[in-house]
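Chains as they are written, first to last, in my numbering: chain A, 168 to 416; chain B, 52 to 507.
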């Protein structure tokens, strides 16, 4: 399978280890991975600010660069959600929205793989990123009620972590409450954002997690910033890095 | 740059951490109750979809429904008035009361009359309005707007309410027991009910087929207000119309469950025409609703049935509190409706006050895409105080050119020690307010890949 690695701009600059691990995981499951060093930004930050002209310019550029792959995979659920949910609204239809995946989603739902041979002997909690849960449907949101006969199983992240040797999954109170990041929101309303984040960090701490992981690198960076300021809370580690922990570099 | 209004107001609330935590817990408890109630309804999600379709059908046929409602309500003996805006509502109601020499009015909870500032308008005419919903009475005594649409005084602690009652109603000092406080307020309110010459209510729904109003409360205060005084004035937004009585159960099944987790509210009253010997005046209010109806992007927000579920699940509302929004409606639905009212830059900036987590859309009983609406407003109100047109354009320019982007990234990582300290003009000062920068990331992924390529 020809897979393009989509490394969002902020992951490229601020969390290169997560991008590296994503590449290793994809290669380890036998994908033919292509990395385009000319890629930059999908447009999400501009969409988030309501700057639609700038969003469209970047979205068109992104769509052109990622044309023609079987799948495009990224360690950032919110960027994937931007492409999946908003590119069609911007008039960028084509195959890209349906072929762009968050890493865990791609492994579980596209490849049907959960066992990757990873080993990570720590107590880990999931930060259920909102875009991953509510836009991509990577887990069933806790506020949704019964929907006929459909029964919600564990989400993709949980399925993957369940197969990691030595890993103990722990669950915080209000399991899928927002961490308060929200892109522009975190910069424009920093004290509200940090207050929401502190509550999440406290819940994660109280459930005994040593590590917090998730599908959205941006939420994890926000928690890392809070943790360094407040001096408590589990260590954020990208899902890709946990999954790559059993794979030789 | 000045922080957005919600952040500025929240900064006055947030330092009282215990109060913030108490508010968050009290409001989240409503969300938990709602979840439990929803879980007991088979096909809850299908019920939401049905309600969405019903409300949208009603909005699509609002013109005919309104005229049918007027005809049936008149036939049932009510008077029907049309108010184009808030001023018209205040004139109509004020006029009705003045004509009849009314000086004392009891009012049950109505977000519409809050929206139209009816109380202060009547006060200027020398008419005393007593709010009879307990929470609403508390905020009225405190001289504050409601901070929540279902539980208007949720921001107040028991001790604060006890002190307020002591000051305003002469209840015993130091009384904080909720049951005793409620009993004292009830005794006080009874006097107002008995003395009132008119009762003002809102309505949760209006049924076109029968000309009936549907009024839902837990305290029965609206029922007293409708049945004790000789005059009943009901004020409702035109979006409250539904076609038939048969459509009502769908919405009633959702309303109380979404609001408080109750299967049904304590009192659900249908009012068709005036009571014997009394008179009923119904005021149908537009106040910007028909403009919203004509807006394809935002008309869905007119489907709101005012259950408050989006407030209860909102991580921002629960911490910032209702008074950090623009009155009268806080939370996600308030932030969606505020710019539609065109009330000025303060409310235009509210759509930014959301992490866009989307939980509001997922709890909404009529499936309003609230977080998408918030995002859409950001695009429609570029003047909403971002003050960064140039910075945004520059950032987009850099990101369209990989060479510029890489160079900017290198500068960013080189300036890391400088950026991680607070100084005036630091471009990441927003981030540093409450957070540190993460550890220095080292070379970018692109740089590492280039190295990997050259070493192979």
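Glycine included, each C-beta is placed from N, C-alpha and C at the ideal position. What you are looking at is a predicted structure, and each value in this text was computed from that prediction instead of being measured.
Can you say whether residue i is buried or exposed, counting buried as having 16 or more other CB atoms within 10 angstroms of its CB?
| i | result |
| --- | --- |
| residue 122 of chain B | exposed |
| residue 293 of chain A | buried |
| residue 409 of chain A | buried |
| residue 513 of chain B | There is no way to answer for residue 513 of chain B, as the model of chain B reaches only from 52 to 507. |
| residue 373 of chain A | exposed |
| residue 254 of chain B | buried |
| residue 260 of chain A | exposed |
| residue 279 of chain B | buried |
| residue 399 of chain A | exposed |
| residue 472 of chain B | exposed |
When you compare only the Cα positions, how much space is there between residue i and residue j?
| i | j | result |
| --- | --- | --- |
| residue 190 of chain A | residue 196 of chain A | 10 Å |
| residue 371 of chain A | residue 236 of chain B | 42 Å |
| residue 101 of chain B | residue 313 of chain B | 20 Å |
| residue 233 of chain B | residue 216 of chain A | 46 Å |
| residue 436 of chain B | residue 400 of chain B | Since pLDDT at residue 436 of chain B reaches only 46, below the 50 mark, its modelled position is unreliable, and no value is offered. |
| residue 387 of chain B | residue 352 of chain B | 7 Å |
| residue 345 of chain A | residue 363 of chain A | 8 Å |
| residue 259 of chain B | residue 201 of chain B | 25 Å |
| residue 316 of chain B | residue 296 of chain B | 18 Å |
| residue 251 of chain A | residue 205 of chain B | 39 Å |
| residue 281 of chain B | residue 331 of chain B | 9 Å |
| residue 246 of chain A | residue 238 of chain A | 15 Å |
| residue 417 of chain B | residue 67 of chain B | 35 Å |
| residue 86 of chain B | residue 360 of chain B | 10 Å |
| residue 90 of chain B | residue 188 of chain A | 39 Å |
| residue 298 of chain A | residue 281 of chain A | 21 Å |
| residue 346 of chain B | residue 391 of chain B | 10 Å |
| residue 290 of chain B | residue 356 of chain B | 9 Å |
| residue 134 of chain B | residue 480 of chain B | 48 Å |
Mind checking if residue i is an interface residue toward chain A, Cβ cutoff 9 Å exclusive?
| i | result |
| --- | --- |
| residue 318 of chain B | no |
| residue 443 of chain B | yes |
| residue 311 of chain B | no |
| residue 417 of chain B | no |
| residue 373 of chain B | no |
| residue 460 of chain B | yes |
| residue 197 of chain B | no |
| residue 499 of chain B | yes |
| residue 505 of chain B | no |
| residue 188 of chain B | no |
| residue 426 of chain B | yes |
| residue 430 of chain B | yes |
Within 9 Å (strictly less), CB to CB, does residue i reach chain B?
| i | result |
| --- | --- |
| residue 298 of chain A | yes |
| residue 234 of chain A | no |
| residue 352 of chain A | yes |
| residue 192 of chain A | no |
| residue 302 of chain A | yes |
| residue 179 of chain A | yes |
| residue 395 of chain A | yes |
| residue 392 of chain A | yes |
| residue 408 of chain A | no |
| residue 364 of chain A | yes |
| residue 310 of chain A | yes |
| residue 294 of chain A | no |
| residue 341 of chain A | yes |
| residue 379 of chain A | no |
| residue 230 of chain A | no |
query = Curious, which full-length alpha helix (DSSP H) runs of at least 4 residues does the stretch 317-342 of chain A contain?
reply = Correct list: 323-329.
Residues in the stretch 337-369 of chain B having any Cβ partner in chain A nearer than 8 Å = Taking 8 Å as the Cβ-Cβ cut-off against chain A, the residues of the stretch 337-369 of chain B that qualify are 364, 366, 367.
key: Residues within the stretch 247-262 of chain A neighbouring chain B, beta-carbon criterion of under 7 Å   = Within the stretch 247-262 of chain A, no residue has a Cβ that lies closer than 7 Å to any Cβ of chain B.
request  = Anything in the stretch 202-221 of chain A with a Cβ closer than 9 Å to a Cβ of chain B? List those residues in chain order, please.
outcome  = Correct list: 202, 204, 205, 206, 207, 208, 210, 212, 213, 214, 215, 216, 217, 218, 219, 220, 221.
Contact residues within the stretch 80-109 of chain B, judged by C-beta distance below 7 Å to chain A = Taken in chain order, the members of the stretch 80-109 of chain B whose beta-carbon sits within less than 7 Å of a beta-carbon on chain A are 86, 89, 90, 92, 93, 94, 95, 96, 97.
inquiry  = Short of 9 Å Cβ to Cβ, which residues in the stretch 254-277 of chain B face chain A?
reply    = From the stretch 254-277 of chain B, no residue has a Cβ closer than 9 Å to chain A.
task = Would you list, in sequence order, the uninterrupted beta strand (DSSP E) runs of no fewer than 3 residues that lie entirely inside the stretch 217-263 of chain B?
result = Runs of the beta strand (DSSP E) inside the stretch 217-263 of chain B: 249-252, 256-258.
Runs of beta strand (DSSP E) lying entirely within the stretch 284-351 of chain B, each at least 3 residues, in chain order = Annotation note: the stretch 284-351 of chain B contains the following uninterrupted beta strand (DSSP E) runs of length 3 or greater, listed N- to C-terminal: 318-322, 330-336.
query = the stretch 477-495 of chain B: which residues have C-beta closer than 9 Å to a C-beta of chain A, in chain order?
reply = Answer set for the stretch 477-495 of chain B: 479, 480, 481, 482, 483, 484, 485, 486, 487, 488, 489, 490, 492, 493, 494, 495.
Minimum length 3: unbroken beta strand (DSSP E) runs contained in the stretch 176-229 of chain A = Taking only runs of at least 3 residues, the beta strand (DSSP E) segments lying wholly in the stretch 176-229 of chain A are 199-202.
inquiry  = Going residue by residue through the stretch 450-503 of chain B, where are the continuous alpha helix (DSSP H) segments of at least 4 residues, counting only ones entirely within it?
reply    = Taking only runs of at least 4 residues, the alpha helix (DSSP H) segments lying wholly in the stretch 450-503 of chain B are 453-465, 467-470, 480-483.
task = Could you list the residues in the stretch 276-289 of chain A with a C-beta less than 7 Å from some C-beta on chain B, going in chain order?
result = Taking 7 Å as the Cβ-Cβ cut-off against chain B, none of the residues of the stretch 276-289 of chain A qualify.
ask   = In chain order, what residues of the stretch 388-413 of chain B put their CB closer than 7 Å to some CB of chain A?
value = Cβ proximity to chain A below 7 Å picks out 403, 404, 405, 406, 407, 408, 409, 410, 413 from the stretch 388-413 of chain B.
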